[in-house]
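J.: Each residue of the sequence shown is one higher than the one before, starting from 335 at the first, in the working numbering.
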Amino acid sequence: MAVKILPVSLFKKRTHMNLDAALFDLDGTLIDSKKDIAAAANAARVHFGMAPLPLEVATTYIGWGIDHLNKKALETEDPAKLAEGLEVLKAYYREHCVDQTLVFPGVFELLDYLKGRGVKMGLVSNKPHEFTLITLEKLKLTPYFGVALGADATEFKKPHPGPLLEALKRLGAKAEDSVMIGDSPVDAQAAKAVPMRVGLVKHGFVEEEKLRASKPDWEAESLKDFMEILK
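See below:
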């Protein structure tokens with residue numbers, strides 16, 4: 335199993351840890367949604383007569399929220415154009431959010447494992463709250479989470495620690511006994527600001543060098559690897 339574990343001195347214990355709660359990111363962590371997100375961004379571009387972006391370019395705009403995606407896709411600072419484009423993007427995504435979106439391998443195995451251990455689970459995403467809930471429901475992930483927060487469900491979005499702190503509060507969990515699992519430096523930065531432990535999975539939308547530079551407590555090839563890391 336290709337799992338990177340950082341020095342155990344970072345924590346009192348690596349295995350058999352007192353794990354009260356696990357928070358998860360959504361896009362790039364639990365689900366491969368880049369094709370549907372890119373299609374929504376391109377719907378806004380086409381609306382203005384712009385050529386669609388290649389998937390590999392649009393993917394680099396994912397993770398910082400819908401406003402960032404819209405702004406980068408439309409390549410403008412014009413408030414009126416951004417507002418119009420955002421409505422087109424949202425309308426498209428509302429109808430097509432899971433057309434090509436897949437749950438990553440190992441997701442249900444890990445979630446079932448943590449559920450069996452009695453670990454509380456929450457989801458914290460920079461996807462708009464409306465689309466977060468729709469996506470979870472359509473992909474049959476909703477029942478696993480005691481709380482699910484999209485970007486506009488709290489005052490701040492990641493990398494601010496606020497959404498993670500709110501999720502822990504609603505779960506009744508302590509940060510020192512919890513872990514954040516994501517796929518980007520945004521997740522690592524938010525978790526470190528709490529502070530709480532953070533593991534990053536490499537199958538997401540960010541280059542491995544950037545993941546390593548964010549200095550997570552663990553890196554893993556797949557979510558299933560966390561069954562061993564967190565035992």
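All residues carry an ideal CB built from backbone N, CA and C; glycine is no exception.
Determine the contact status of Ala487 and Asp354, defining contact as a CB-CB distance below 7 Å.
T.: no
J.: Only counting the same chain, and skipping five residues up and downstream in sequence, which positions put a Cβ closer than 7 Å to that of Pro341?
T.: Residue placement at Pro341 is poorly supported in this model, since its pLDDT is 37, which falls under 50; the coordinates still yield a value, given next. Contacts found: none.
J.: Sort Leu557, Lys549, His381, His494 by Cα distance to Ala485 and report the nearest one.
T.: His494
J.: In whole angstroms, give me the CA-to-CA distance for Ala385 and Arg379.
T.: 7 Å
J.: I'd like the list of long-range same chain contacts for Ala525, defined as Cβ closer than 6 Å, with 5 residues on each side in sequence excluded.
T.: Met514, Val532
J.: Short check: CB of Ser518 to CB of Leu360, under 7 Å?
T.: Contact flag unset, no.
J.: So the candidates are Leu357, Ile400, Gly456, Leu457; which of them puts its Cα closest to the Cα of Tyr427?
T.: With distances taken between Cα atoms, Tyr427 lies closest to Ile400.
J.: Would you mind reading off the limits of the beta strand (DSSP E) that contains Phe358?
T.: 355-358
J.: Determine which residues share a DSSP beta bridge with Val458 and list them.
T.: According to DSSP, Val458 bridges with Leu483.
J.: Give me the residue from Leu467, Val535, Leu408 with the minimum Cα distance to Leu423.
T.: It is Leu408.
J.: Enumerated in chain order, which unbroken segments of the alpha helix (DSSP H) with a length of 4 residues or greater are wholly contained in the segment 400-438?
T.: 400-408, 413-430
J.: Taking the C-alpha atoms as reference points, what is the distance between Asp511 and Asn352?
T.: 6 Å
J.: Let me check understanding here. Comparing Cα to Cα, which of Gly538, Thr393, Leu357 lies closest to Asp370?
T.: Taking only the C-alpha atoms, the option nearest Asp370 is Thr393.
J.: Grab me the residues of Arg546's own chain with a C-beta within less than 8 Å of its C-beta, minus the 5 sequence neighbours each way, in chain order.
T.: Glu553
J.: Drop a sphere of 10 angstroms on the beta-carbon of Pro462, count the other beta-carbons inside from all chains shown, and report buried for 16 or more, exposed for fewer.
T.: Pro462 is buried by the Cβ-count criterion.
J.: Going by alpha carbons, who is nearest to Gly452 out of Asn376, Gly480, Gly383, Ser367?
T.: Gly480
J.: Roughly how many whole angstroms lie between the Cα atoms of Met561 and Leu444?
T.: 6 Å
J.: In whole angstroms, what separates the C-alpha of Asp446 from that of Phe438?
T.: 14 Å
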